[in-house]
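**Q** In my numbering, the protein residues as written are 1 to 228.
Note that the Cβ used here is the ideal one computed from N, Cα and C, for glycine as well.
Computed from a predicted model, the values in this text were never measured in an experiment.
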């Protein structure tokens, strides 16, 4: 006889998601994103079985579910974790500094393995480039949705990762900033985006090293260090 899924089970899975999410943001390991995708799937499964609202109306969740199912049941997704350069020779406009790039042919294969609704969800929540598709905006926006969901359903937790996410959301509320993002980036002085992706992105490790050298962090917010 299956055991009933409880609120405690939901809290544990939500805590796991934020743990994996922050680990991914600091890790170049390809498998780190699989843990994020799997946890998102499990969050929905747990809350649904516990009687809470599910995420089947979220395009972000539908997109992640399709990518997760392909990665678990069919083939590798060959994702690359990259970051926009903190110190760049050319100006960059971007809401997010991290990219999670899947080869375009992998996304084409995912499309062949799923239905039209899920294909449309991927197209509307991810950013398509010539050779790659960036799924990080989708993951980020689902994280925002999940955080707001925890507030609305009294599922808040006290882990460091969750509280850091909460600090960022409260900062955005205070300054009337949007919580969710469009994703993608632009080169306002011109330039080929696809060539920039091929030649100018940093590894996560390089980005974190430069961030530590140039910025101070408090409650999830970063300020430029004063030069001596």
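Report buried or exposed for residue 17, applying the criterion of at least 16 other Cβ atoms within 10 angstroms of its Cβ.
**A** Here residue 17 refers to the residue found at position 17 when the chain shown is read from its first residue. The residue in question, residue 17, is buried, as its Cβ has 16 or more Cβ neighbours within 10 Å.
**Q** If you compare alpha carbons, which of 197, 205, 187 is closest to residue 92?
**A** The residue labelled residue 92 in the question sits at position 92 within the chain shown. Out of 197, 205, 187, 187 has the C-alpha closest to the C-alpha of residue 92.
**Q** Excluding five sequence neighbours on each side, which residues of the same chain lie with their C-beta closer than 7 Å to the C-beta of residue 30?
**A** Counted from its first residue, the chain shown places residue 30 at position 30. Hits under 7 Å: 79.
**Q** Pick helix, strand or coil for residue 94, following the three-state DSSP scheme.
**A** Here residue 94 refers to the residue found at position 94 when the chain shown is read from its first residue. If DSSP states are grouped into helix, strand and coil, residue 94 belongs with the strands.
**Q** With a floor of 3 residues, list each beta strand (DSSP E) that falls wholly inside the stretch 114-139, ordered by position along the chain.
**A** If we require 3 residues or more, the beta strand (DSSP E) runs fully inside the stretch 114-139 come out as 132-134.
**Q** With C-beta atoms as the reference, is residue 70 less than 9 Å away from residue 110?
**A** The sequence position of residue 70 within the chain shown is 70, counting from 1. The sequence position of residue 110 within the chain shown is 110, counting from 1. It is a contact, given that the beta carbons lie within the stated cut-off.
**Q** With residue 80 as the anchor, note down where its beta strand (DSSP E) starts and where it stops.
**A** The count along the chain shown starts at 1 and reaches residue 80 at position 80. It spans 80-83 - the beta strand (DSSP E) in which residue 80 sits, taken as one unbroken run.
**Q** Is residue 10 helix, strand or coil when you go by DSSP?
**A** Here residue 10 is taken as the residue at index 10 of the chain shown, counted from 1. Helix at residue 10.
**Q** With a threshold of 16 other CB atoms inside 10 Å of the CB of residue 72, please say whether the residue is buried or exposed.
**A** Locating residue 72 in the chain shown gives position 72, where the first residue counts as 1. Exposed, since its Cβ has fewer than 16 Cβ neighbours within 10 Å.
**Q** What did DSSP end up calling residue 168 once you bin it into helix, strand or coil?
**A** Position 168 of the chain shown, counted from the start, is the residue given in the question as residue 168. The answer is helix: DSSP assigns residue 168 an H, G or I state.
**Q** When the Cα of residue 181 is compared with those of 125, 174, 171, which residue comes out closest?
**A** Walking along the chain shown from the start, residue 181 turns up at place 181. Considering only alpha carbons, the answer is 125.
**Q** Count the C-beta pairs between the stretch 47-64 and the stretch 134-145 that are closer than 8 Å, then say yes if the count reaches three, no if not.
**A** Contact between the stretch 47-64 and the stretch 134-145 is present, because at least three Cβ pairs lie under 8 Å.
**Q** How do the stretch 99-114 and the stretch 148-157 stand: do at least 3 beta-carbon pairs fall below 8 Å, yes or no?
**A** Segments in contact, no.
**Q** Considering only the beta carbon of each residue, do residue 104 and residue 132 sit closer than 9 Å?
**A** As a first step, residue 104 must be located in the chain shown, where it is residue number 104. As a first step, residue 132 must be located in the chain shown, where it is residue number 132. Yes. Within cutoff.
**Q** When DSSP labels each residue in this structure, what does residue 208 get in the three-state scheme?
**A** For the purposes of this step, residue 208 is taken as residue 208 along the chain shown, with counting starting at 1. Helix, per DSSP.
**Q** Of all the options 77, 197, 107, 85, which has the alpha carbon lying nearest to the alpha carbon of residue 205?
**A** Against the chain shown, residue 205 aligns to sequence position 205. When only C-alpha atoms are compared, the closest one is 85.
**Q** Here's the rule I'm using: 16 or more other beta-carbon atoms within 10 Å means buried, otherwise exposed. How should residue 32 be labelled?
**A** Working through the chain shown from its first residue, we reach residue 32 at position 32. Its Cβ being crowded by 16 or more others within 10 Å, residue 32 is buried.
**Q** Starting from the C-beta of residue 77, find all residues in its chain whose C-beta is less than 7 Å away, skip the five residues before and the five after it, and write them out in chain order.
**A** Working through the chain shown from its first residue, we reach residue 77 at position 77. Closer than 7 Å at the Cβ level, and outside the excluded window around residue 77, lie 67, 70, 71, 102, 106.
**Q** Should residue 128 go down as buried or exposed, given a rule of 16 or more other Cβ atoms within 10 Å for buried?
**A** For the purposes of this step, residue 128 is taken as the residue at position 128 of the chain shown. With fewer than 16 other Cβ atoms within 10 Å, it is exposed.
**Q** Taking the alpha carbon of residue 185 as the reference point, which residue from 170, 201, 177 has its own alpha carbon closest?
**A** Indexing the chain shown from 1 puts residue 185 at position 185. Comparing Cα positions, the closest option is 201.
**Q** Are the C-beta atoms of residue 55 and some chain D residue less than 9 Å apart?
**A** Checking the listed chains, one finds no chain D in this structure; it contains a single protein chain.
**Q** With a cut-off of 8 Å on the beta carbons, I'd call residue 155 and residue 37 a contact; round off their distance for me.
**A** Here residue 155 is taken as the residue at index 155 of the chain shown, counted from 1. Here residue 37 is taken as the residue at index 37 of the chain shown, counted from 1. About 20 Å; that fails the 8 Å criterion.
**Q** Whose C-alpha, out of 118, 26, 191, is nearest the C-alpha of residue 100?
**A** What you label residue 100 is simply residue 100 of the chain shown in a count that begins at 1. It is 26 whose Cα lies nearest to the Cα of residue 100.
**Q** Could you give the residue range of the alpha helix (DSSP H) that holds residue 40?
**A** Position 40 of the chain shown, counted from the first residue, corresponds to residue 40. Taken as a continuous stretch (DSSP letters only), the alpha helix (DSSP H) holding residue 40 covers 31-49.
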